[in-house]
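Be aware that the sequence shown starts at 0, since it is given in numbering that gives the first Met the number 0, and climbs by one per residue.
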Amino acid sequence: MLGRTSLLRSTGLLRTLATATTTTTKTAAAASAGAKASAVQTTTLDNGVKIVALPRDGPLASVGLVVGVGSAANAPVGSAALLASAVFSGTAKRSNVLQVRKLEATGASVSSRLTRDALAIHAHVVDDKAGNALALMADGLVNCTFDAHDVADALETLAASPVEPEQAAADALFGTAFRYRGLGAPLAFTDAAKASLSPEAIADFAAAAVTPANVVVTGVGMDADALAAMAEPVLGGLAANEATAAVAAVSAPYTGGEFVAPLNGSGHAHGVVAFPVPGRASPAAFASMVAAELVGETAPFYVNNEVSLLGAFFDGEDVAPAVAALKAAAKPDADALKAAKSRAKAAFLMSLESNQTALAFLGDAITASGSVLAPADVVKAIDAVDASAVAAVFKDAFAAKPTLLAVSDNLPAYADVVKAL
Numbered sequence: 000m001l002g003r004t005s006l007l008r009s010t011g012l013l014r015t016l017a018t019a020t021t022t023t024t025k026t027a028a029a030a031s032a033g034a035k036a037s038a039v040q041t042t043t044l045d046n047g048v049k050i051v052a053l054p055r056d057g058p059l060a061s062v063g064l065v066v067g068v069g070s071a072a073n074a075p076v077g078s079a080a081l082l083a084s085a086v087f088s089g090t091a092k093r094s095n096v097l098q099v100r101k102l103e104a105t106g107a108s109v110s111s112r113l114t115r116d117a118l119a120i121h122a123h124v125v126d127d128k129a130g131n132a133l134a135l136m137a138d139g140l141v142n143c144t145f146d147a148h149d150v151a152d153a154l155e156t157l158a159a160s161p162v163e164p165e166q167a168a169a170d171a172l173f174g175t176a177f178r179y180r181g182l183g184a185p186l187a188f189t190d191a192a193k194a195s196l197s198p199e200a201i202a203d204f205a206a207a208a209v210t211p212a213n214v215v216v217t218g219v220g221m222d223a224d225a226l227a228a229m230a231e232p233v234l235g236g237l238a239a240n241e242a243t244a245a246v247a248a249v250s251a252p253y254t255g256g257e258f259v260a261p262l263n264g265s266g267h268a269h270g271v272v273a274f275p276v277p278g279r280a281s282p283a284a285f286a287s288m289v290a291a292e293l294v295g296e297t298a299p300f301y302v303n304n305e306v307s308l309l310g311a312f313f314d315g316e317d318v319a320p321a322v323a324a325l326k327a328a329a330k331p332d333a334d335a336l337k338a339a340k341s342r343a344k345a346a347f348l349m350s351l352e353s354n355q356t357a358l359a360f361l362g363d364a365i366t367a368s369g370s371v372l373a374p375a376d377v378v379k380a381i382d383a384v385d386a387s388a389v390a391a392v393f394k395d396a397f398a399a400k401p402t403l404l405a406v407s408d409n410l411p412a413y414a415d416v417v418k419a420l
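Dropping the structure here:
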């Protein structure tokens, strides 16, 4: 929990896009990245599993399995995090030890990425081993036996993993904003989650979550047809499950509120004030991106499918400068708006340079809206954002109650923050 004064001081609290500066060199590099970015290719297996690929030349290939359930799922807290361990667990074909050895033999670097909206498992590997890595990951995810010993080991590992201060702060912010339901459910694994999960519970969750309607295969470094050919043998037989709808994200309304942790006699007060803005699934998502750049490149900006949170940091016990920064961002002049759009485009295009963040872009986009814009179309959409679109984002944001998260012994009254708006 919040107990140390440094926990809010990260300048990049889970920014979805890479931080960009206004230097000519970096903007030029981003333009070059955009010129090299291929069009996104999509196809679908006969059973409905979506395939999304971003072709590019090079010896490295990256493949991902995205399951459209995250920490906001209608399931015991920690279910999605535990599901990620399935790729390293035993299946009907092999033990957990053999599964891990087989993955290691491909030379793949395998990692998982859990958000409030989805779970993704990524593998980065030399291109001629991509099919093997994908087959092993998919077999683990689809055919995991959830042996009691494997589940117990996974729970111990998750419970022992340290929670980064930034993650603790983000969970507290979202928990306060959404009353700890839906998007407010914690991403970090907790002791309570460990106690509530069993092999039977996670097996039921996996059966409901890992279905054709909920699974997307992503790839960078190959075309969609090649990726589909890799996926078909292991995912082509995946069957639908009527329980899938039951694990969909809980729709909890944004409420706002305040969470204050005491200084305990050390450090100095600091915090963040945040508001709801349109998420990825909204046509106004690009206006939210530009709005975040107008607040500042270190502005806390947490992006989700339905509702994102945008705010400003403050030091000391005076929240007025943070509120002033947000209000100023709502009324940018032409030069400020142009610069903010340039930073947003640069951040997006630079993110495509890395296979890992490119995979994240593909997975996030497809789970948010069912389709993926080509990089060039994302740039055009950012360019199309005008002052009225930005003003609309802030107008709706300020109409909602703020969410105030702070480490302080003497914070101004919450009502004073509302009044300052």
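Idealized CB from N, CA, C, for every residue including glycine.
Under the three-state reduction of DSSP, histidine 123 is assigned to strand. A buried status is given to arginine 115, since no fewer than 16 other beta-carbon atoms sit within 10 Å of its beta-carbon. Proximity to leucine 81 across Ala230, Ala202 and Gln355 peaks at Ala202, based on C-alpha coordinates. With the rule of 3 Cβ pairs closer than 8 Å, the region 146 to 157 does not count as touching the region 169 to 185.
Contact between valine 215 and valine 65 holds: their C-beta atoms lie close to 4 Å from each other, under 8 Å.
Bounds of the alpha helix (DSSP H) holding threonine 366 are 354 to 368. In the structure shown, histidine 267 adopts coil according to DSSP, grouped into three states.
If the five residues before and after aspartate 146 are omitted, its C-beta is found closer than 6 Å to the C-beta atoms of Gly89, all from its own chain and listed in chain order. In the structure shown, threonine 156 falls within a helical segment according to DSSP collapsed to helix, strand and coil. Under DSSP, valine 216 takes part in a beta bridge, and its partners are Ile50 and Leu64. Between leucine 186 and leucine 140, the C-beta gap is not smaller than 8 Å, which leaves the two residues out of contact.
Each residue's CA atom was taken as its position, placing glycine 315 and lysine 330 some 26 Å apart.
DSSP places glycine 139 inside the alpha helix (DSSP H), whose first and last residues are 129 to 142. Closest by C-alpha distance to cysteine 143, out of Phe274, Lys92 and Val109, is Lys92. In the three-state DSSP reduction, arginine 342 falls in the helix class (H, G or I). Listed in chain order, the non-local C-beta contacts of alanine 373 below 6 Å within the same chain comprise Ala38 and Val39, local neighbours out to five positions each way being set aside. Setting aside the 5 residues that flank it on each side, phenylalanine 393 is surrounded in the same chain by Ala329, each with a C-beta closer than 6 Å to its C-beta; the list follows chain order. In its chain, beyond the 5 residues on either side, Asn46, Thr210 and Pro211 have a beta carbon closer than 8 Å to the beta carbon of alanine 238. Within the DSSP secondary-structure output, proline 277 pairs in a beta bridge with Val306. Sequence-distant Cβ neighbours of valine 233 in its own chain, meaning closer than 8 Å and more than five residues away, are Leu133, Ala134, Ala137, Asp138 and Val141.
Going by beta carbons, alanine 291 and leucine 309 fall inside the 8 Å limit. Under the DSSP definition of a beta bridge, threonine 42 partners with Ile50. A distance of 8 Å or more separates the beta carbons of alanine 207 and valine 259.
Your pair valine 51 and leucine 351 does not check out as a contact, with CB atoms roughly 14 Å apart and the cut at 8 Å. Contact between arginine 178 and threonine 254 holds: their C-beta atoms lie close to 5 Å from each other, under 8 Å. Residue pairing by DSSP places threonine 90 opposite Cys143 in a beta bridge.
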